[in-house]
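Scroll down for the structure; my scribbles are underneath it.
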Amino acid sequence: MTDVLGSTAAVTDRSSRRVPVPVALARLEAPRLARHPILLVAFAYLGLLQMIEGDTGPRAAFTMLTDVPTMLYGSFVLFAANLLASRERRGANEEWLDSMPASAAARTWAAQFAVLGPLVVAAGLVTVGYAVSLRADLFVTPPTLLEMLSGLLPVLGAGLLGVMVARWLPWPGMAALVMTGLIAVHVWLISGESDRRLLGTYVEWAAWPETGNPGAWAGLIPGSRGWHVTYLLALCAMAATGAHLGHARSKLPVLALGGAFTVLAVVAGWAQLP
Amino acid sequence: MTAVVVNEVTKAFGRAQALAGVSLQAGSGVTGLLGPNGAGKTTLLRMLATVLAPDAGRIRLLGRDPGKPDDRLDIRRRLGYLPQEPGFHRGFTAFEFVDYVAILKEMTDRHTRHDEVRRVLDLVGLTSVSGKKIRALSGGMRRRVGLAQALLGDPELVVLDEPTVGLDPEQRLRFREMISRIGEGRSVILSTHQTEDVAALCGTVAVIHAGRTLFDGTPAQLVEQAAGRVWLDDQRSPDARLAWRTGTGQHRNIGDVPPSGAELVDPTIEDAYLLLIGDEVAVAV
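The listed protein sequences derive, respectively, from chains A and B.
Each residue of the first sequence is one higher than the last, beginning at 0 in numbering that gives the first Met the number 0.
Each residue of the second sequence is one higher than the last, beginning at 0 in numbering that gives the first Met the number 0.
Structural data, given as structure tokens:
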């Protein structure tokens, strides 16, 4: 302990604000989110599922890189991001942090940027999986970049939705309720053979074989990959914008931006259909 | 410059009138806000921390108006605030938490920020436990983490809401020493309901009760209010407004009517405080 309190000069350099606060904060939060206990549970669950089901074959190799990150990891990311973004409210220190120069909006931006942490982890795993599968000659048709992106973007979307839920529905159990709603909508969208399945939270591009080994290759379903990725990006942007609506000083520009992303989602959602 | 000017400030929460026309001024050094629980101290401190706006009245902090967004931001850049019950992120280490707050205080350059975090942790004597999770720290240490974050960036105004509550005597003395030194060269507003803290630390003191300022001056002036009104006697005086048996067996009688044959003694700040806020507190004591 310093002998005389206050004898040491404060080491502050506010003049050199080269890094915006949300970015600096996200650098701290993204690794924390990536190693959030919920996401470690997700990995354990994924591993267990793979051991139990253990589908092999070209279809399984394809879906592992295009669907699984979304379906399982993304679900957990929603909860982890929600917990991160609601931490201040749960800890009853929102008001304390409001006395800081950085605004609540900056904290929301930071939580949103932090979602890049799990996304990078998922992308890294997909990249490694792609390289290994390619080397082991597991594919009949390897997934394209857009198909892999369509598996990864919902991870980002789930995280952004988790942040939005923390801002708009800050009560216990709300993230679980939203997830239940998402699952219900998704199940309805994928039921039957309608093209509306492309509007779901994830798309299985590799068609299911009529009979036999579910890992067997049965071709790809039609639909525009490019428009689907655009559709997912628009949904991500809607969630990101929605999270800021609550504390925006001027609501109109945020609403206009959200409206524009909604229109884009509708257009891209329509355009992706075969 | 007078760091804090509060003029006829009122605030109500529904039907409850938390502040009913509080006025006070605070300059350099430690200013104590003294008052019983529910007096309105925390409400006032939340206003000084710029997180709560008054219903009426005027507040100037560091020469700026916290009601204006630009002024408020400037105040926040020059302010350190420790709330009464800080909600720490318990999964963070002490270093990580102070680092997190440092970013919120716009210290975004990692290298200089970490130097500053180490400095304030050293100031409060937490260097050796900076890598420990907050949940593993004692109550006193957590309070010191709270104080460390309030000192980030060497703020001109430090607002501390009951920083010594719940601490053991040794920890309280350590805290007293720290606050006293923090008050050298800057304004510290310290809320407490402990008269000993005020007597030991504060250059000025405001007594708040039921949302009103009952006194604003130096501790010596506060003590003066009880001059000639405190007696030691073998018996409890029926005319005393307050009286209690001391450890020596004599009774300390406080009031306006001198008991016959009693010895007039020098008042303490506690005597003056009790006289000032009256019988309502006497019941609690």
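Just so you know, even glycine gets a beta-carbon here, dropped at the ideal spot from N, CA and C.
Note that the structure is predicted; figures quoted are calculated from it, not measured.
- Three-way DSSP call (helix, strand, coil) for Lys-131(B) in this model: If DSSP states are grouped into helix, strand and coil, Lys-131(B) belongs with coil.
- Query: Quick one, are the C-beta atoms of Leu-155(A) and Leu-118(A) less than 8 angstroms apart?
  - Reply: Yes; because the gap between Cβ atoms is below 8 angstroms, this pair is in contact.
- Item | Nearest candidate by alpha-carbon position, reference Arg-88(A), set Ser-190(A), His-243(A), Arg-166(A) and Arg-224(A) | That would be Arg-166(A), whose Cα lies nearest to the Cα of Arg-88(A).
- Message: Tell me whether the segment 256-273 of chain B and the segment 225-235 of chain B touch, counting them as touching only if at least three CB pairs, one residue from each stretch, are closer than 8 angstroms.
- Response: The segment 256-273 of chain B, when compared against the segment 225-235 of chain B, does touch it at the 8 angstroms Cβ threshold.
- At a Cβ threshold of 8 angstroms, is Arg-166(A) touching chain B? So, not an interface residue.
- Taking the continuous beta strand (DSSP E) assigned at Ala-25(B), which residues delimit it? That run of the beta strand (DSSP E) goes 15-25.
- Sufficient close CB pairs (3 or more, under 8 angstroms) joining the segment 142-157 of chain B to the segment 89-101 of chain B: Touching, per the Cβ criterion.
- Task: Look up Arg-9(B) in the DSSP assignment and say whether it is helix, strand or coil.
- Result: Reading off the sequence shown, one finds Thr at residue 9(B), where the question assumed Arg. DSSP places Thr-9(B) in strand when its eight states are reduced to three.
- Message: Whole angstroms are fine: how far does the CA of Ala-38(B) sit from the CA of Gly-210(B)?
- Response: Answer to the nearest angstrom: the Cα atoms are 6 angstroms apart.
- Can you tell me the Cα-Cα spacing of Asn-6(B) and Lys-132(B), whole angstroms? In this structure, the CA atom of Asn-6(B) is about 42 angstroms from the CA atom of Lys-132(B).
- Message: I'd like the list of long-range same chain contacts for Tyr-276(A), defined as Cβ closer than 7 angstroms, with 5 residues on each side in sequence excluded.
- Response: Since the displayed chain A opens at 0 and closes at 273, residue 276(A) lies outside it and no answer follows.
- Query: Quick one: Cα of Thr-267(B) to Cα of Leu-159(B), how far?
  - Reply: Those two C-alpha atoms are separated by around 24 angstroms.
- Query: So is Val-21(B) buried or exposed if we call it buried at 16+ other beta carbons inside 10 Å?
  - Reply: Note on Val-21(B): 16 or more other CB atoms within 10 angstroms of its CB, so buried under the neighbour-count rule.
- Query: Rounded to the nearest angstrom, how far is the Cβ of Glu-115(B) from that of Leu-151(B), given a contact under 8 angstroms?
  - Reply: The pair is a contact, with the Cβ atoms about 6 angstroms apart (cut-off 8 angstroms).
- Message: I want to see whether chain B comes within less than 8 angstroms of Leu-38(A), judged by CB atoms only; does it?
- Response: At a cut-off of 8 angstroms, the C-beta of Leu-38(A) has no neighbouring C-beta in chain B.
- Item | Cut-off 6 angstroms between Cβ atoms - residues of its own chain near Val-76(A), not counting five sequence neighbours on either side | Within the same chain, and ignoring the five residues on either side of Val-76(A) in sequence, the residues whose Cβ sits closer than 6 angstroms to its Cβ are Pro-117, Val-154, Ala-157 and Gly-158.
- Query: So, does the CB of Lys-104(B) fall closer than 8 angstroms to a CB anywhere in chain A?
  - Reply: Against chain A, the CB of Lys-104(B) has a partner CB under 8 angstroms away; the residue lies at that interface.
- Ala-48(B) versus chain A: which residues are under 9 angstroms apart at the beta carbon? Result: Glu-94, Trp-95, Asp-97 and Ser-98.
- Query: Listing by chain order, which chain A residues have their CB less than 8 angstroms from the CB of Pro-85(B)?
  - Reply: What Pro-85(B) touches in chain A: Asn-92 and Trp-95.
- Nonlocal neighbours in the same chain, by C-beta distance under 6 angstroms from Arg-117(B), ignoring five residues either side: Once the five neighbours on either side are set aside, Arg-117(B) has no close Cβ partner at all.
- Message: I'd like to know whether the C-beta of His-88(B) is nearer than 8 angstroms to at least one C-beta of chain A.
- Response: It does; some Cβ of chain A falls within 8 angstroms.
- For Ile-207(B), which option in Leu-273(B), Gly-124(B), Phe-91(B) and Gly-79(B) has the closest C-alpha, if you only look at C-alpha atoms? For Ile-207(B), the closest alpha carbon among the candidates Leu-273(B), Gly-124(B), Phe-91(B) and Gly-79(B) is that of Leu-273(B).
- Task: Name, going along the chain, the residues of the segment 228-254 of chain B whose beta-carbon falls closer than 8 angstroms to a beta-carbon of chain D.
- Result: Absent from the structure: chain D. Protein chains present are A and B.
- Query: Going straight from the alpha carbon of Val-119(B) to that of Lys-40(B), what length do you get?
  - Reply: Whole-angstrom Cα-Cα distance: 27 angstroms.
- Could you check what DSSP says for Thr-217(B) in three-state terms: helix, strand or coil? It is coil, neither helix nor strand.
- Query: For chain B, is any of its Cβ atoms less than 8 angstroms away from the one on Ala-29(A)?
  - Reply: Not a single C-beta of chain B is nearer than 8 angstroms to the C-beta of Ala-29(A).
- Task: For Thr-107(B), return the contacting residues in chain A, with the cut-off set at a CB-CB distance below 8 angstroms.
- Result: The answer, in chain order, is Arg-16, Arg-17, Val-18, Pro-19, Val-20, Val-22 and Ala-23.
- Spell out the partners DSSP gives Tyr-80(B) in its beta bridges. Val-158(B), per the DSSP bridge assignment.
- Task: Note down the Cα distance separating Trp-187(A) from Gly-73(A), rounded to an integer number of angstroms.
- Result: Spanning the two alpha carbons is a distance of roughly 19 angstroms.
- Message: Excluding the 5 residues flanking Pro-208(A) on each side, which residues of the same chain have their C-beta closer than 8 angstroms to its C-beta?
- Response: Here the set comprises Arg-58, Ala-215, Trp-216 and Ala-217.
- Sorted by chain position, which residues of the same chain lie with C-beta nearer than 8 angstroms to Met-178(A)'s C-beta, five sequence neighbours on each side aside? Excluding residues within five positions, the ones whose Cβ falls inside 8 angstroms are Ser-74, Leu-77 and Phe-78.
- Ordered list of alpha helix (DSSP H) runs contained in the segment 40-100 of chain B, each at least 4 residues: If we require 4 residues or more, the alpha helix (DSSP H) runs fully inside the segment 40-100 of chain B come out as 40-47 and 68-76.
- Item | 8 angstroms contact criterion, which Trp-147(A) and Val-125(A) should meet: CB distance rounded | It should be noted that the sequence gives Met, not Trp, for residue 147(A). Between Val-125(A) and Met-147(A) the Cβ distance is about 6 angstroms, and since that is below 8 angstroms, they are a contact.
- Query: Which whole-angstrom value describes the C-beta separation of Ser-98(A) and Leu-78(B), a residue pair presumed to lie in contact below a C-beta threshold of 8 angstroms?
  - Reply: The pair is a contact, with the Cβ atoms about 7 angstroms apart (cut-off 8 angstroms).
- Query: At which residues does the alpha helix (DSSP H) containing Leu-160(A) begin and terminate?
  - Reply: Run containing Leu-160(A): 144-167, per the alpha helix (DSSP H) assignment.
- Please classify Ala-3(B): is it buried, with 16 or more other beta-carbons within 10 angstroms of its beta-carbon, or exposed? Going by the sequence as given, residue 3(B) is Val instead of Ala. Only buried fits Val-3(B), as 16 or more other CB atoms lie within 10 angstroms of its CB.
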